[in-house]
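Colleague:
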Amino acid sequence: MPHEIKIGIIGGSGLEDPAFIDDYSTTKVATPYGDPSSDLILGRIGDIPVAVISRHGEGHTINPTNVNYGANIWSLKDQGCSHILATTACGSLHDEIKPGNFVFPDQFIDRTTKRITSFYNDASVQHVPMGTPFCAKTSAVLQDQAHKLGLSFHPKGTVVTIEGPRFSSRAESMLFKSWGCNIINMSTVPE
39 MPHEIKIGII GGSGLEDPAF IDDYSTTKVA TPYGDPSSDL ILGRIGDIPV AVISRHGEGH
99 TINPTNVNYG ANIWSLKDQG CSHILATTAC GSLHDEIKPG NFVFPDQFID RTTKRITSFY
159 NDASVQHVPM GTPFCAKTSA VLQDQAHKLG LSFHPKGTVV TIEGPRFSSR AESMLFKSWG
219 CNIINMSTVP E
């Protein structure tokens with residue numbers, strides 16, 4: 039029997055409106071990592087069961103440094119999510135990546151400094167592989183759908199995640215571009 043897919047969606051502003059979800063309900067999930075950013079919205083998009091969480095809380099009240107990333111991920115896993123899609127607002131470091139384009143990153147550089155970065159902070163040493171931080175199969179499915187919908191997208195790229203809430207300086211952006219980064223945001227890591 040095939041494993042049922044349930045998609046967890048982590049989004050920024052606007053995803054707390056469940057208008058795009060059929061048969062929705064909300065639930066509060068307790069986690070060993072504290073409270074998640076918001077209640078989960080449970081329902082379906084087409085035939086696919088989904089659980090949606092608002093990364094920055096209802097009304098966009100939690101800045102990137104203070105998001106409880108561990109609790110958010112735990113809450114989606116607790117609800118049986120087999121895959122997680124995380125949307126983020128990004129800035130482009132290259133002219134060919136235009137506003138409105140989608141980028142499916144395949145690598146990241148973590149320039150955050152104040153966040154809890156692992157589920158294993160209080161446990162024995164656990165080394166987590168990050169050579170391939172994004173699921174290539176999921177990315178391929180998303181790219182196929184983007185192509186079918188006629189969306190402008192870039193099939194790979196390196197995202198640099200900065201601490202925020204301030205934006206990068208021009209000098210920092212030039213440095214990140216020289217490192218081979220394509221886009222910049224404040225949310226991908228450690229999510």
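Take the sequence shown: its position 15, counted from the start at 1, is 53 in the numbering used here, and no numbers get skipped.
Cβ coordinates follow ideal geometry from the N, Cα and C atoms, glycine included.
This one's a predicted model, so the numbers in the text were calculated from it and none came from an experiment.
Classify G108 as buried or exposed, calling it buried when 16 or more other Cβ atoms lie within 10 Å of its own Cβ.
Modeller: buried
Colleague: Quick one: Cα of P228 to Cα of D61, how far?
Modeller: 31 Å
Colleague: Assuming the contact rule is C-beta atoms closer than 8 Å, S92 and S75 should be a hit. Round their C-beta distance to whole Å, please.
Modeller: 6 Å
Colleague: Reducing DSSP to helix, strand and coil, say where N110 ends up.
Modeller: Helix.
Colleague: When DSSP builds the beta bridges, which residues end up paired with T64?
Modeller: I79
Colleague: Is F214 buried or exposed, if buried means 16 or more other CB atoms sit within 10 Å of its CB?
Modeller: buried
Colleague: Residue range of the beta strand (DSSP E) that H121 falls in?
Modeller: H121 to A124
Colleague: Is T176 helix, strand or coil when you go by DSSP?
Modeller: helix
Colleague: Here's the rule: buried if 16 or more other CB atoms are within 10 angstroms of the residue's CB, otherwise exposed. What is L189?
Modeller: Here L189 is exposed. Its C-beta has fewer than 16 other C-beta atoms within 10 Å.
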